[in-house]
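Residue numbers (this note's numbering), protein chains in the order written: chain A, -7 to 477; chain B, -7 to 477.
Rendered as structure tokens:
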């Protein structure tokens, strides 16, 4: 594939100029610069300000034209009417890439659309490619590029995102952090006056750090090209999309958000199907599925082993499997024989494996998973309820005299080796593992470690199944294509 | 309705005996006693132990027969084979209520089923009503009764739960706490050898602290009586149920969990419909819906106002509304006129109201909600994105020199009055409010306060819509009945 896509340079920029940041930390532009500067960006930063000599301690330039060194990317956060002048400065300085976060364009109606077309024409004439306007910026946590107004505090990961909503790039950051989900790249496209979702899809498809792609879509500007591009990309990388413009209310809301003109849901569903894109029905599905597809091998078929110490979640997982086209088959005789000496009397040798009350924590993490994954009848594993600190932590709160002092560091050091073994199994067996636990990563060290080791761990049993079904569905998309080829 | 239901006495017990607790905090029975004792139970507690003189600092009795005072409830956690003897002691002592958490009965197959029938016969002969066996216990946080092995650390609330899974009573406690969801009562029924889900449903229907009922069901023992009871209860109180025994895998798993014999999904769906029960498809829906139904007024119809400062979530909410049978109608002229002077230039006067970037935090909480709820075209309100500490907290982490020090207490004291106004509106207008926010209650003071004030606040936009649709559906159930009557 081509690497002429301008997003490569933009997401790897070695130098970034900022037009619209000042020394007032209450303005949006300044906050964006704070995130870049304090987030640890290793490249050069050039604030542009008409009056200040320094901005946030950095030497400031009166104009982009005054910067001597080459500038890979400029971030523009000034009012809409000033944007054309800044683009002219970019042209004069030879800057080829811009992120325009300024609002006040196509989302405000016909007049705004006209101004938007004008800046697009200006940029094209000057050879400038840009994201926006009315976007929230871009993120490359691997390179500590963050020009949005939201700090990115957790680890980078393999999920790439392109979104017509800035909130789905930034506001979701705590939501993603709680689930251990990390971005490779994230791009807020805004009104898409130049660079659109198809460009982003192409770029994320080419980007080696991105293992699966999530798209939030309100409308599709170039549906035919999008379809062609998606078809190519989804052969090599999973693509998940959430489309919200398909209902009357969704279309109306999107029109006032990004000036979108939306197609009915069933047309887009059909387009996604042709493109090999998995269609999510909620933001949670979008991120959970893309994260799982980015971190887990694709199962050969949909035969799932379920392992837990809780009967209720076992039944919920089994039932949800069947509802979503997965099966929960019997184990082979060999598997049952291997398990028999390991299980407590109250447990049974069927699938789901319900350990009931067991005092051997490693059964759930290190001992049983390899046995289940080695079974030729099994394509993937769902484990519910790995926990170590949360229950004891709660007991200690009410009975400090009876429950021994809990050091989270100590508990982590005890369970970490067995969770590392667990996390090595998907690659070893070529079969996915997904976990669920009602214990959030803020109170449960096992959840936090599993997430760190890139084992998707969600807060309810059905969410693990939903993600496993997405893996299975992507496998079938690939299979149909192989059969057709 | 009758109050002969034994659960009234059991869930309000003034004195509880424990058979199976010791001084070893690693055993299940001891942990259950720790939770009762250290959880602040105000009643009398009588540990029974064959050898120890004291258990956890309390005087211990060699046998139930040795206790002089009356005992309302006995909790039995001894091995299965000992249970008949303990029941005989109960009979001799005149104890009429037991919770049998011991496992090793019907869930293990035919032999276990026989033993289970025997203890049921013994109990009936002796006039003892019991929950279990193979259950996890009961919770009444309003009276600080907790005889499960999981500490209950957050506030009591108006949601009543009866569950065939102990995990869905106890393991979910952190999950519920993160969402601000509090139990009125929670009952784990286990194998239902005596008291079953129908008894629980009747009791929760009669219980004044319970405003909505959640049921986790693997099988139904007395479907006809369940239907009759549910029909009566659902007239006065919303009932939500999750049924997991309806698929092949779900039924198989449930059989080995609680010895359940399950009916196909469509039969149970049909029964729920006749009974006026809302059927949830996941544990999350079960709790979110029941919590919302327990705290919010039922909307007259499905016309929803959406208020946010984020275009993406606005579109997601609008789209999800239409998909779930709700509408997002235009506001009345009066509403638009009232809003006009309050909104920033970049906002529009349509529904969803998207404030875009606004520096007036009270718009979202105090100023606009009453205007929207006063609109005769509007039956309920969804607000996304109220936040105060999370974004600033993140910025302060990376830029302590630029962002003023954040005192969560101070931020809470500033936003609390306006959230209190917001929380008073549902009762004032007779219309529900549901919120969503990607900021969890661990990092966001606004989320925590909203949850405390019993405004349901969920971690994704579509979940707020799903809960609103449940309210609307319950309203239609009631309406159909009125029309029929």
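Note that CB positions come from ideal geometry on N, CA and C, so glycine has one too.
8 Å Cβ cutoff, residue i in contact with chain B
{"i": "residue 488 (chain A)", "result": "Past the edges of chain A, shown from -7 to 477, lies residue 488 (chain A), and the structure says nothing about it."}
{"i": "residue 311 (chain A)", "result": "yes"}
{"i": "residue 85 (chain A)", "result": "no"}
{"i": "residue 13 (chain A)", "result": "no"}
{"i": "residue -7 (chain A)", "result": "Because the pLDDT at residue -7 (chain A) is just 42, under 50, the model does not fix this residue reliably, and the value given afterwards should be weighed accordingly. By this cut-off, residue -7 (chain A) is not an interface position."}
{"i": "residue 148 (chain A)", "result": "no"}
{"i": "residue 249 (chain A)", "result": "yes"}
{"i": "residue 315 (chain A)", "result": "yes"}
{"i": "residue 451 (chain A)", "result": "yes"}
{"i": "residue 275 (chain A)", "result": "yes"}
Proximity test, Cβ basis, 8 Å: residue i and chain A
{"i": "residue 166 (chain B)", "result": "yes"}
{"i": "residue 394 (chain B)", "result": "yes"}
{"i": "residue 232 (chain B)", "result": "no"}
{"i": "residue 38 (chain B)", "result": "no"}
{"i": "residue 163 (chain B)", "result": "yes"}
{"i": "residue 140 (chain B)", "result": "no"}
{"i": "residue 143 (chain B)", "result": "yes"}
Segment limits, alpha helix (DSSP H) that includes residue i
{"i": "residue 216 (chain B)", "result": "215 to 228"}
{"i": "residue 531 (chain A)", "result": "Because chain A here runs from -7 to 477, residue 531 (chain A) falls outside it and cannot be looked at."}
{"i": "residue 272 (chain A)", "result": "Careful: residue 272 (chain A) lies outside any alpha helix (DSSP H), inside the beta strand (DSSP E) at 270 to 272."}
{"i": "residue 27 (chain B)", "result": "20 to 30"}
{"i": "residue 116 (chain A)", "result": "102 to 118"}
{"i": "residue 406 (chain A)", "result": "400 to 421"}
{"i": "residue 134 (chain B)", "result": "Neither: residue 134 (chain B) is in no alpha helix (DSSP H) and is coded neither H nor E."}
{"i": "residue 82 (chain A)", "result": "75 to 85"}
{"i": "residue 459 (chain B)", "result": "453 to 476"}
Sequence-distant residues of its chain with Cβ nearer than 7 Å to residue i (five each side left out)
{"i": "residue 196 (chain B)", "result": "152, 154, 177, 202, 205"}
{"i": "residue 264 (chain B)", "result": "233, 271"}
{"i": "residue 208 (chain A)", "result": "155, 156, 157, 160, 234, 278"}
{"i": "residue 184 (chain B)", "result": "213"}
{"i": "residue 104 (chain B)", "result": "96, 97, 98"}
{"i": "residue 108 (chain A)", "result": "97, 98, 125, 183, 185"}
Same chain only: Cβ atoms within 8 Å of residue i, ignoring 5 sequence neighbours per side
{"i": "residue 379 (chain B)", "result": "429, 431, 436, 438, 439"}
{"i": "residue 274 (chain B)", "result": "234"}
{"i": "residue 252 (chain A)", "result": "156, 210, 211, 237, 243, 246"}
{"i": "residue 302 (chain A)", "result": "346, 376, 377"}
{"i": "residue 218 (chain A)", "result": "189, 190, 193, 212, 263, 267"}
Sequence-distant residues of the same chain with beta carbon closer than 6 Å to residue i, five excluded per side
{"i": "residue 150 (chain B)", "result": "176, 203, 286"}
{"i": "residue 10 (chain B)", "result": "25, 39, 67"}
{"i": "residue 283 (chain B)", "result": "151, 173, 448"}
{"i": "residue 134 (chain B)", "result": "148, 201"}
{"i": "residue 0 (chain A)", "result": "none"}
Where residue i falls, given that 16 or more other Cβ within 10 Å makes a residue buried
{"i": "residue 58 (chain B)", "result": "exposed"}
{"i": "residue 106 (chain A)", "result": "exposed"}
{"i": "residue 475 (chain B)", "result": "exposed"}
{"i": "residue 194 (chain B)", "result": "buried"}
{"i": "residue 30 (chain B)", "result": "buried"}
{"i": "residue 228 (chain B)", "result": "exposed"}
{"i": "residue 410 (chain B)", "result": "buried"}
{"i": "residue -3 (chain A)", "result": "buried"}
{"i": "residue 91 (chain A)", "result": "buried"}
{"i": "residue 420 (chain B)", "result": "exposed"}
{"i": "residue 294 (chain A)", "result": "buried"}
{"i": "residue 276 (chain A)", "result": "buried"}
Delimiting residues of the beta strand (DSSP E) encompassing residue i
{"i": "residue 155 (chain B)", "result": "151 to 155"}
{"i": "residue 357 (chain A)", "result": "Here residue 357 (chain A) belongs to no beta strand (DSSP E), and DSSP marks it neither H nor E."}
{"i": "residue 180 (chain B)", "result": "175 to 180"}
{"i": "residue 122 (chain A)", "result": "121 to 123"}
{"i": "residue 300 (chain B)", "result": "296 to 300"}
- contact_flag[the region 34 to 50 of chain A, the region 87 to 101 of chain A] where n(CB pairs < 8 Å) is 3 or more: no
- Touching by the beta-carbon criterion (3+ pairs, under 8 Å), the region 382 to 390 of chain A and the region 308 to 319 of chain A: no
- Would you check if there are 3 or more beta carbon pairs closer than 8 Å linking the region 346 to 364 of chain B to the region 391 to 404 of chain B? no
- Take every Cβ of the region 1 to 19 of chain B, pair it with every Cβ of the region 453 to 464 of chain A, and state whether three or more of those distances are shorter than 8 Å. no
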